[in-house]
Amino acid sequence: MEAFAKIQTEIDQYAEDIENGLSLSEITIQHGLNSFRYGSSSFLFELFDRIQITSKTVFYDLGSGYGNIILYGAIKYPQALFKGIEILQERHQVCAGLIEKEQLLNAKAICGDILKTDIADGNVFYLYNPLFDFQYEELLKKLHQISLTKSIIVIAESRCSFFDEAVWLEQYHHKDIDVIRKIKYYRSK
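Heads up: the sequence shown begins at 1 in UniProt numbering, then just goes up one per residue.
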C-alpha cells in the first residue's frame, strides 16, 4: 500500500535515531521493570488477513512502538478504530505526530503502561512480545475480564505459549514466520 510505504520510511528514519539514543538504565529508572524491546511485525498484510475488520472493530496494539500496526490498519480500514499503547514517550510522540500529520481520525496513540491502561473498549488485541514472562499473567487476567462481556480476538506474534495455555481462549489460525517466530490467532470461548 503506497500511502503506508511513505509513513513506514518516515518511521524507520525516526526509529534509528531514537533507538540509538535510548538508555536502558534511564528508562528503567523512569518506568520501572518493563520490557522496552522494540520490534514490529513486518507481516502487516498477513496480520490483518485472518480477522474481519468492521465499523465495530476497536483494535489495540499493546506495546505499539512507533505505530506501524495502527497506522497501517487505520489507512487500510478507515471504518474501524485503531489504538496503540506505548510506554516510551519518544516512540509515542512519533506515532502521535504521524496520526496528526496524516489526519487519521480513526487512530489514537496512547502513552502509558499496557497493564495500567483501560482497554475495555477493545475487541481485537495485537501483541509483539511487549512484556517480560512474569507480566503475562496480569495481562491475561485483564483480557479475560474483557472477554466475559464480549467476544475478543488476541493476535500474538512471538511468546504465544502464554495464550496457548489460557483455557478461555481457542487458537483458530497460526502462521510460522521462521523457526522461532509465529503469529497465532485466538478467540475467546
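Cβ atoms here follow ideal geometry from the backbone N, Cα and C, with glycine treated the same way.
Could you tell me how far apart the beta carbons of residue i and residue j are, in whole angstroms, since I believe they sit closer than 8 Å?
i, j, result
"residue 4", "residue 51", "The Cβ separation is near 18 Å, so there is no contact."
"residue 129", "residue 151", "With 8 Å as the limit, residue 129 and residue 151 do not qualify as a contact, their Cβ atoms being about 24 Å apart."
"residue 109", "residue 96", "4 Å"
"residue 88", "residue 58", "So it is not a contact: roughly 23 Å between Cβ atoms."
"residue 15", "residue 66", "6 Å"
"residue 54", "residue 79", "7 Å"
From which residue to which residue does the beta strand (DSSP E) around residue i run?
i, result
"residue 51", "First-last for residue 51: undefined, no H or E at that position."
"residue 176", "169-176"
"residue 188", "182-188"
"residue 83", "81-86"
"residue 107", "107-111"
"residue 127", "124-127"
"residue 62", "58-62"
Determine the extent of the alpha helix (DSSP H) in which residue i is found, giving its start and end residues.
i, result
"residue 72", "68-76"
"residue 156", "Here residue 156 belongs to no alpha helix (DSSP H); instead the beta strand (DSSP E) covers 153-157."
"residue 142", "136-147"
"residue 191", "The displayed coordinates of the chain run from 1 to 189. Any statement about residue 191 would go beyond what the structure contains."
"residue 93", "89-102"
When the Cα atoms are used, what is the spatial distance from residue i to residue j?
i, j, result
"residue 8", "residue 171", "30 Å"
"residue 125", "residue 188", "12 Å"
"residue 84", "residue 64", "5 Å"
"residue 156", "residue 17", "28 Å"
"residue 204", "residue 132", "Residue 204 falls outside the range modelled here, since the chain spans only 1 to 189, and no answer is possible."
"residue 127", "residue 112", "15 Å"
"residue 174", "residue 183", "6 Å"
"residue 73", "residue 166", "27 Å"
"residue 160", "residue 140", "12 Å"
"residue 162", "residue 144", "13 Å"
"residue 43", "residue 122", "22 Å"
"residue 147", "residue 118", "14 Å"
"residue 77", "residue 164", "28 Å"
"residue 46", "residue 177", "11 Å"
"residue 94", "residue 149", "34 Å"
"residue 49", "residue 1", "14 Å"
"residue 137", "residue 56", "28 Å"
"residue 98", "residue 90", "13 Å"
"residue 134", "residue 6", "37 Å"
Comparing the CB of residue i with every heavy atom of the ligand ZN, is any distance shorter than 6 Å?
i, result
"residue 186", "This structure simply doesn't include the ligand ZN, nor any ligand for that matter."
Do residue j and residue i have their beta-carbon atoms positioned less than 7 Å apart in this structure?
i, j, result
"residue 92", "residue 100", "no"
"residue 114", "residue 169", "no"
"residue 70", "residue 107", "yes"
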